[in-house]
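Asks: I am attaching a structure below and will ask some questions about it afterwards.
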Amino acid sequence: MLNGKIEQYLHSLIPERTGLIKEMEDFALENNVPIMEPEGIEVLLQILRLHQPQAILEVGSAIGYSAIRMAETLPGAKIVTLERNEARIGQARANIEKAGLNNRIALIEGDALEAGPKVAEHGPFDIIFVDAAKGQYKRFFELFEPFLAEAGVIITDNVLFKGLVAENIEDMEMTRRKRALIKKIRDFNMWLHDHPHFDTVILPIGDGVAISKHRGDKNEKA
749 MLNGKIEQYL HSLIPERTGL IKEMEDFALE NNVPIMEPEG IEVLLQILRL HQPQAILEVG
809 SAIGYSAIRM AETLPGAKIV TLERNEARIG QARANIEKAG LNNRIALIEG DALEAGPKVA
869 EHGPFDIIFV DAAKGQYKRF FELFEPFLAE AGVIITDNVL FKGLVAENIE DMEMTRRKRA
929 LIKKIRDFNM WLHDHPHFDT VILPIGDGVA ISKHRGDKNE KA
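Under my numbering, the first residue of the sequence shown carries the number 749, and numbering increases by one thereafter.
And the structure:
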């Protein structure tokens with residue numbers, strides 16, 4: 749990934765967070781809740797500022813951190829976010845209410861792979877942000893891509909998996925499950941780059957962010 753000194757320098761340039769955002773970051777750190785890394789979230793928010801989406805779908809809400817960050821960055825956007833963990837659902841709802849964003853963030857409860865019909869009621873989406881179970885990335889992409897607006901963008905987090913996708917994992921000590929997950933992420937990255945209807949670039953920021961821009965040919969079959 750990035751040189752350590754460069755990474756520290758970039759991190760030092762990120763504005764200090766305060767209030768609810770800082771509270772959520774501290775809670776996530778203390779309780780091992782997976783939220784987007786500071787450098788990654790800044791890239792995501794900058795993409796949103798450039799794209800100016802009106803409707804966003806987030807796959808994987810956790811405690812509502814990124815949904816709230818996106819809503820605060822884009823005051824005119826509506827966000828639909830999905831979460832299946834009951835404890836996280838309660839925390840996300842409390843945080844969204846505390847942020848005063850109940851009117852712009854809709855939280856759909858349940859397994860994302862079974863949420864297609866509910867998601868369809870809110871689409872189409874200008875941006876789809878995937879930050880959930882990494883082993884299911886391809887299924888998430890295929891399930892929700894039909895709800896993407898013409899020439900929309902799908903952003904996927906954690907596609908470099910702490911740099912392990914570039915390592916010779918056969919020579920490393922790790923569980924069989926972790927090795928299989930790394931292979932799934934590698935396959936997903938290759939599938940993305942070979943997709944006939946998307947142009948994809950992977951940025952080595954945070955834990956790796958894939959940006960997939962639809963070419964605007966949604967009426968053509970893959």
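Beta carbons are placed, not taken as given, at the ideal position from N, Cα and C, and that holds for glycine.
Got a sec, what are the start and stop residues for the beta strand (DSSP E) G949 sits in?
Replies: According to the sequence as given, residue 949 is Val; it is not Gly. Note, V949: beta strand (DSSP E), 946-951.
Asks: Is the region 802-819 in contact with the region 828-839, if contact means three or more CB pairs nearer than 8 Å?
Replies: yes
Asks: Measuring CB to CB, does M818 end up less than 9 Å from L796?
Replies: yes
Asks: K882 to I930, Cα distance in whole Å?
Replies: Each residue's alpha carbon lies about 9 Å from the other.
Asks: Can you tell which of V901, A835, I816, V957 has the C-alpha that lies nearest to the C-alpha of E773?
Replies: The shortest C-alpha separation from E773 is found at I816.
Asks: Which ranges does the beta strand (DSSP E) cover as unbroken runs of at least 3 residues, wholly within the region 765-848, from first to last along the chain?
Replies: 803-807, 826-831
Asks: List the whole-angstrom C-beta distance separating F873 from A897, where the pair is believed to meet the contact cut-off of C-beta under 8 Å.
Replies: 6 Å
Asks: Can you give me the Cβ contacts of G752 inside the same chain, cut-off strictly under 6 Å, excluding the 5 residues immediately before and after it?
Replies: Here the set comprises nothing.
Asks: When you compare the CB positions of I762 and E787, do they come within less than 9 Å of one another, or not?
Replies: yes
Asks: Rounded C-beta distance between N916 and D955? I'm assuming under 8 Å.
Replies: About 20 Å; that fails the 8 Å criterion.
Asks: Do A803 and the ligand GDP come close, with the Cβ less than 8 Å from some heavy atom?
Replies: Of ligands this structure carries none, so the ligand GDP is not represented either.
Asks: Apart from the five residues on each side of it in sequence, which residues of its chain come closer than 6 Å, Cβ to Cβ, to K932?
Replies: G883
Asks: On the DSSP letters alone, give me the boundaries of the beta strand (DSSP E) that D905 sits inside.
Replies: D905 -> beta strand (DSSP E) spans 896-905.
Asks: Only counting the same chain, and skipping five residues up and downstream in sequence, which positions put a Cβ closer than 6 Å to that of K961?
Replies: V901, D947
Asks: Please report the distance separating the alpha-carbon of V949 from that of N780.
Replies: 29 Å
Asks: Per DSSP, H962 is paired with what?
Replies: F946
Asks: If you drop the 5 nearest sequence neighbours on each side, which residues of the same chain put their C-beta closer than 6 Å to that of K866?
Replies: I856
Asks: Using the rule of at least 16 other Cβ atoms within 10 Å of the residue's Cβ for burial, across every protein chain shown, is K969 buried or exposed?
Replies: Only weak support is given to the placement of K969: the predicted model assigns it a pLDDT of 49, under 50, and the question is left unresolved by the model.
Asks: In angstroms, rounded to a whole number, what distance separates the CA positions of L908 and N851?
Replies: 34 Å
Asks: Put D874 into one of helix, strand or coil per three-state DSSP.
Replies: strand
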